[in-house]
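Here the sequence shown is numbered in this note's numbering, starting from 71 and rising by one per residue.
Structure, as structure tokens:
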Amino acid sequence: LPNTPADEKTAAIKQWVDSVIDKMDHYKAEHHRYVKEAVNLLELALWKAKLGEKEETCAEGRAKKAKIDAESARREKRITCGADMVIKNVLPFLQLK
């Protein structure tokens with residue numbers, strides 16, 4: 071900029087500012103992708119932890135154990151893993167302001 075002629079300095083500064091704004095937009099978009107990926111991984115980790123928990127025993131004892139379809143049990147665990155509550159509280163720390 072010191073070697074730039076006086077009549078071209080405004081254009082040079084504008085070009086530099088535009089390049090900085092473009093880079094900021096690029097990094098914001100990249101950050102958004104990383105946050106989205108992190109939220110997905112967090113949800114899957116919580117689900118996996120819930121799947122790892124032992125089955126709750128029914129009140130009547132182990133003699134009467136209901137047979138539940140494994141797929142429906144996995145879906146239920148995904149709903150009840152608490153990921154929505156955890157993500158709701160973690161996401162504000164990951165987002166840009």
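For glycine and all other residues, C-beta sits at the position ideal for the given N, C-alpha and C.
- Taking the Cα positions, VAL90 is about 12 Å away from ALA82.
- For LYS120 and ALA108, the gap between their C-alpha atoms comes out near 18 Å.
- Ranked by how close their Cα comes to the Cα of ARG144, the residues LEU161, GLN165, ASP154, LYS118 have LYS118 in first place.
- Rounded to the nearest whole angstrom, the CA to CA distance from VAL156 to THR74 is 54 Å.
- Taking C-beta atoms under 8 Å as the contact rule, LEU71 and LYS79 qualify, at a distance of about 7 Å.
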